[in-house]
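A.B. asks:
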Amino acid sequence: MNNRISLYQLERPLRIFLFAFILVLTTAVLTGIIYLYNKTSLTPKGAVVHYNGDEVKGDEEIDIPENYPKPVNELLLTTHNHLFGFSFIFLSLGGIFYFSSVVRGFWKTFLMTEPLFSTIITWGSLWLMRFVHPGFVWLTAISSTILYLSFFIMVTLLSYELLFKKERA
Numbered sequence: 003m004n005n006r007i008s009l010y011q012l013e014r015p016l017r018i019f020l021f022a023f024i025l026v027l028t029t030a031v032l033t034g035i036i037y038l039y040n041k042t043s044l045t046p047k048g049a050v051v052h053y054n055g056d057e058v059k060g061d062e063e064i065d066i067p068e069n070y071p072k073p074v075n076e077l078l079l080t081t082h083n084h085l086f087g088f089s090f091i092f093l094s095l096g097g098i099f100y101f102s103s104v105v106r107g108f109w110k111t112f113l114m115t116e117p118l119f120s121t122i123i124t125w126g127s128l129w130l131m132r133f134v135h136p137g138f139v140w141l142t143a144i145s146s147t148i149l150y151l152s153f154f155i156m157v158t159l160l161s162y163e164l165l166f167k168k169e170r171a
């Protein structure tokens with residue numbers, strides 16, 4: 003028998019506090035997605051141009067690209083910041099989600115751990131796209147889509163349990 007406390011059993015002030023934290027976390031993630039949209043239009047071509055720079059045709063005397071390839075130092079800093087940030091985002095969200103009673107078993111474990119693996123794949127594939135082949139943009143797109151889907155599924159289920167789920171009589 004499982005004697006673990008579930009989120010809906012917590013006192014109301016703690017449930018409201020956790021919901022407020024999740025709301026701020028979601029706002030931060032959405033801000034990042036909006037930034038990404040402004041930089042890449044959320045398209046594979048936009049992502050390749052953002053990281054690899056514009057293709058220089060060289061048929062004009064002066065062909066100055068609008069976007070330059072990301073230098074290694076900038077990619078290192080961006081990767082470093084995102085690996086730290088996403089690991090703490092998913093440590094906190096997954097830690098809260100562990101106490102959710104809405105999902106159990108395989109799917110709970112999957113939703114808690116998958117975004118951590120997708121974080122590594124997403125940021126690793128950006129390096130592959132930049133230095134190996136632009137086709138790795140599809141790996142970036144797939145892994146980041148799964149990452150964000152996992153995030154929003156957990157946020158939705160947590161919000162439901164923290165705000166609406168009641169103890170059965």
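Last residue of the sequence shown? That's 171 in my numbering, and every number before it is there in order. Idealized CB from N, CA, C, for every residue including glycine.
1) If we ignore side chains and look at the alpha-carbon of each, how far apart do GLU76 and PHE90 end up?
2) Residue range of the alpha helix (DSSP H) that LEU149 falls in?
3) Alpha carbon to alpha carbon, how far is VAL104 from LYS110?
4) Considering just the uninterrupted stretch of the alpha helix (DSSP H) at GLU116, what are its terminal residues?
5) For the alpha helix (DSSP H) containing ASN69, list its first residue and its last residue.
6) Could you check what DSSP says for LYS41 in three-state terms: helix, strand or coil?
7) Does the Cβ of GLY2 have 16 or more other Cβ atoms within 10 Å, making it buried, or fewer, making it exposed?
8) Using 7 Å as the threshold, is the C-beta distance between MET114 and GLY87 below it?
9) Going straight from the alpha carbon of LEU164 to that of LEU85, what length do you get?
10) Measure the beta-carbon distance from SER127 to LEU141 and round it to whole angstroms, keeping in mind my assumption that it falls under 8 Å.
11) Could you tell me the boundaries of the alpha helix (DSSP H) in which PRO46 lies?
12) With distances taken Cα to Cα, identify the nearest neighbour of GLY55 among THR80, GLU68, ILE123.
13) I think THR124 touches LEU93, with their Cβ atoms under 8 Å apart; what is that distance to the nearest whole Å?
14) Ignore the nearest five residues each way along the sequence and tell me which others in VAL31's own chain have a CB closer than 8 Å to its CB.
C.D. replies: Result, derived from the coordinates:
1) In the sequence shown, the residue the question calls residue 76 occupies position 74. In the sequence shown, the residue the question calls residue 90 occupies position 88. Their backbone Cα atoms lie some 21 Å apart in a straight line.
2) As a working mapping, residue 149 is identified with position 147 in the sequence shown. Segment 139 to 165, the alpha helix (DSSP H) holding LEU149.
3) As a first step, residue 104 is located in the sequence shown; it is residue number 102 there, counting from the start. As a first step, residue 110 is located in the sequence shown; it is residue number 108 there, counting from the start. Note on geometry: alpha-carbon atoms of VAL104 and LYS110 lie some 9 Å from one another.
4) Here residue 116 refers to the residue found at position 114 when the sequence shown is read from its first residue. Counting along the chain, the alpha helix (DSSP H) containing GLU116 begins and ends at 107 to 133.
5) Position 67 of the sequence shown holds residue 69. Per DSSP, ASN69 belongs to no alpha helix (DSSP H) and is neither H nor E.
6) By 1-based counting over the sequence shown, the position of residue 41 is 39. Here LYS41 sits in helix by DSSP.
7) The displayed coordinates of the chain run from 3 to 171. Any statement about residue 2 would go beyond what the structure contains.
8) Here residue 114 refers to the residue found at position 112 when the sequence shown is read from its first residue. Here residue 87 refers to the residue found at position 85 when the sequence shown is read from its first residue. Contact: no.
9) Here residue 164 is taken as the residue at index 162 of the sequence shown, counted from 1. Here residue 85 is taken as the residue at index 83 of the sequence shown, counted from 1. Between LEU164 and LEU85, the alpha-carbon positions lie close to 28 Å from each other.
10) Against the sequence shown, residue 127 aligns to sequence position 125. Against the sequence shown, residue 141 aligns to sequence position 139. The C-beta distance from SER127 to LEU141 rounds to 4 Å, short enough to meet the 8 Å contact threshold.
11) The count along the sequence shown starts at 1 and reaches residue 46 at position 44. 46 to 54 is the span of the alpha helix (DSSP H), which, as asked, contains PRO46.
12) What you label residue 55 is simply residue 53 of the sequence shown in a count that begins at 1. Distances from the alpha-carbon of GLY55 to those of THR80, GLU68, ILE123 put GLU68 closest.
13) Residue mapping note: residue 124 aligns to position 122 of the sequence shown, counting from 1. Residue mapping note: residue 93 aligns to position 91 of the sequence shown, counting from 1. Between THR124 and LEU93 a beta carbon distance of about 17 Å is seen, past the 8 Å cut, so the two are scored as non-contacting.
14) As a first step, residue 31 is located in the sequence shown; it is residue number 29 there, counting from the start. Excluding residues within five positions, the ones whose Cβ falls inside 8 Å are ILE91, TYR150, PHE153.
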